[in-house]
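Peer 1: Sharing a structure with you now.
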Amino acid sequence: MAVALPSRRALALRPLLARRQPPMAACRHAWSYAPRSSPHRLLRRCTSASPATSAIEPVGLGISSAPLTGVGARQLFKAMLFGIDGADRFLPVTSVSVRPAHGAAAEEGAVLRAMTLDDGTKVVEHVYADRLEGLIRFVQLEGAREGELEVVHVMHSSPLRLEYYQRHRLTGERVFWDAPRRVMTEAIDATVALARAAESHAAATDDFGGKA
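Structure, rendered in structure tokens:
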């Protein structure tokens, strides 16, 4: 299934997040992906952290929002899609670029995303979006090949909520993820905030651009 990139309306909502500070902005961060055995393992080195605050709580086997209200599934998934090319609005990354993938990944509807972490490390990955399942998969490339693990961003429906977790790409088994829990919590919060803003905008404006 082809990935639907953000609509003009979604792009118009970028300023809503423009003033958002990078997660944990009080510290300087250096982010890097862990060794090949865990390609989506994010590590943080906070140069100003004291021993009491240097411990980082990991995502583990998953992190989920509370049940969501004030937003519908349609706008929530649009906000998730916005995070594909707008990753720098949700995570401490820069130089995000998205273009069509090639080969088998392209046939499955993937796009190729490249971005730079705070420590200068460049990450290249395939991103797959499935509207019917309400999920987006991020598979880091190891050279020209996909790694064995993937990060999943999924929208659950009963109740409506968002979740991030890491799993084995072929078996679907969840794998412990060392990404900082606080950072991914803030990414979820930003996604929900964008979706709620879009929901409010849609409710106040009819299809002709006038007030409802």
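Residues 51 to 262 in this note's numbering are what the sequence shown lists, from first letter to last. Think of the CB as a built atom: it goes at the ideal place given N, C-alpha and C, for glycine as much as any other residue.
With a Cβ-Cβ cutoff of 9 Å, do SER114 and LEU220 count as a contact?
Peer 2: no
Peer 1: Quick one: what's got a C-beta closer than 6 Å to VAL109's C-beta in the same chain, skipping five residues either side?
Peer 2: Contacts found: TRP227, ALA229, ARG231, MET234.
Peer 1: Give me the Cα-Cα distance between HIS176 and THR119, rounded to the nearest whole angstrom.
Peer 2: 31 Å
Peer 1: Let's see if you can read the secondary structure: which residues bound the beta strand (DSSP E) around GLY110?
Peer 2: 108 to 110
Peer 1: Can you give, in chain order, each stretch of the alpha helix (DSSP H) that sits fully within the region 122 to 174 and has at least 4 residues?
Peer 2: 123 to 135, 153 to 157
Peer 1: Given this structure, state the Cα-to-Cα distance separating THR144 from PRO117, to the nearest angstrom.
Peer 2: Straight across, the Cα-Cα distance linking THR144 with PRO117 is about 31 Å.
Peer 1: Just the Cα atoms here: how many angstroms apart are GLU158 and ILE186?
Peer 2: 13 Å
Peer 1: Distance check for VAL204 and ALA155, CA to CA, integer angstroms please.
Peer 2: 20 Å
Peer 1: What would DSSP say about VAL49, mapped onto helix, strand or coil?
Peer 2: This structure cannot settle anything about residue 49, because the visible part of the chain is limited to 51 through 262.
Peer 1: From the DSSP output, which residues share a beta bridge with GLU213?
Peer 2: SER114, VAL204.
Peer 1: Alpha carbon to alpha carbon, what distance is there between ALA179 and GLY43?
Peer 2: The chain is shown only over 51 to 262; residue 43 falls outside these bounds and no answer can be derived.
Peer 1: Taking the beta carbon of ARG195 as the centre, do at least 16 other beta carbons fall within 10 Å, making it buried, or is it exposed?
Peer 2: Per the 10 Å Cβ criterion, exposed.
Peer 1: Within its chain, find whatever has a CB closer than 6 Å to the CB of TYR214; leave out the 5 residues flanking it on each side and keep chain order.
Peer 2: ILE113, HIS203, MET234
Peer 1: Expressed to the nearest angstrom, what Euclidean distance is found between the alpha-carbon atoms of ALA164 and HIS218?
Peer 2: 21 Å
Peer 1: If I measure Cβ to Cβ from PRO209 and keep anything under 7 Å in the same chain, skipping five residues before and after, which residues do I get?
Peer 2: Cβ neighbours of PRO209 beyond the five flanking positions: PRO117.
Peer 1: Do you know whose CA, among SER207, ARG224, VAL242, lies nearest ARG181's CA?
Peer 2: SER207
Peer 1: For ALA263 and ALA240, I'd like the C-alpha separation in whole angstroms.
Peer 2: An answer regarding residue 263 cannot be provided, because it is not within the stretch 51 to 262 covered by the chain.
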